[in-house]
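S.K.: Pasting a structure below so you can have a look.
Numbering (mature numbering (1 follows the signal peptide of the UniProt record, and there is no 0)), first residue to last: -22 to -1, 1 to 228.
Structural data, given as structure tokens:
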């Protein structure tokens, strides 16, 4: 299943290669910047599919960089996020830093916020297609298996307040995303964008879909284009977050 989605995403990313090649791999900052945006990729996708988004955000006046992470180990990738954020804060003191995360990268981002002290350093956390309470697609896999629902890792990640600190939390997904991306605590759930298929195709292509960039831009500007929800701790059951409107591939 995942290989099929990866092929689709890689092919789509190749269509954007001229734009991606024109954008530097690391951050390029103007004399003044609206903020630093650190983009955390999904599993096995690498940085290429996210370079068009990064280039668009640079054109908007942000300093943006895409981390080149495999998404195989949530905790290890969270440590890499911490290094990148600390470097950005040192280079641009006083400038707000945002995380734009995708798929399993959203869990690494949240692990950083929750367990590595990131909630005091990040102004905005944007999760795109995030399996916040786990994905059955991870169960039994050689990598990323800790994100299977009901593992100890996921139970620890979701124990207590899911949205700690002064960070503002946003969720972006398609209408038929396989996981609804809910968190307890304060979260803006942006209105799901129209789907291309059963949710799986959307998930793989999300960083490249035209509907996603405007929602990211709005969230970075502090706009909740959807519903802000503040649910109590323990209000979310992992099973209730899965396949809200879509049918997974068999």
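Cβ coordinates follow ideal geometry from the N, Cα and C atoms, glycine included.
What separation, rounded to the nearest whole angstrom, lies between the Cα atoms of residue 85 and residue 167?
M.R.: In a straight line, the C-alpha of residue 85 is about 17 angstroms away from that of residue 167.
S.K.: Starting from residue 42 and walking both ways along the beta strand (DSSP E), at which residues does that stretch end?
M.R.: Where residue 42 is concerned, the enclosing beta strand (DSSP E) stretches over 41 to 44.
S.K.: I think residue 25 touches residue 52, with their Cβ atoms under 8 angstroms apart; what is that distance to the nearest whole Å?
M.R.: About 18 angstroms separates the two Cβ atoms, so there is no contact after all.
S.K.: Alpha carbon to alpha carbon, how far is residue 165 from residue 132? Give it in angstroms, no decimals.
M.R.: Between residue 132 and residue 165, the C-alpha separation is close to 19 angstroms.
S.K.: Do you know whose CA, among 126, 79 and 170, lies nearest residue 15's CA?
M.R.: Of the listed residues, the one whose Cα sits closest to residue 15 is 79.
S.K.: Among the residues of its own chain, which have a CB less than 6 angstroms from the CB of residue 208, if the five just before and after it don't count?
M.R.: Around residue 208: 164.
S.K.: Among 65, 210 and 42, which residue has its Cα nearest to the Cα of residue 138?
M.R.: Selected option, being the one with the closest Cα: 210.
S.K.: Just to confirm, are residue 100 and residue 77 a CB contact at a threshold of 8 angstroms?
M.R.: Yes, these two residues count as a Cβ contact at 8 angstroms.
S.K.: Determine whether the beta carbon atoms of residue 170 and residue 184 lie at a separation below 8 angstroms.
M.R.: Not a contact, by the Cβ cut-off of 8 angstroms.
S.K.: Taking the alpha-carbon positions, what's the residue 229 to residue 173 distance?
M.R.: Outside the shown range of the chain (-22 to 228) lies residue 229, about which nothing can therefore be said.
S.K.: Assuming residue 82 contacts residue 122 (C-beta within less than 8 angstroms), just tell me the rounded distance between them.
M.R.: That belief holds up - the Cβ atoms of residue 82 and residue 122 are roughly 6 angstroms apart, short of 8 angstroms.
S.K.: Do residue 34 and residue 236 count as a contact pair if the criterion is CB distance below 8 angstroms?
M.R.: Nothing in the structure corresponds to residue 236, since the chain is present only between -22 and 228.
S.K.: Quick check on DSSP: helix, strand or coil for residue 208?
M.R.: Strand, per DSSP.
S.K.: Determine the contact status of residue 158 and residue 222, defining contact as a CB-CB distance below 8 angstroms.
M.R.: Yes.
S.K.: Are there 16 or more other CB atoms within 10 angstroms of the CB of residue 130, so buried, or fewer, so exposed?
M.R.: Counting Cβ neighbours within 10 Å, residue 130 comes out exposed, since fewer than 16 surround it.
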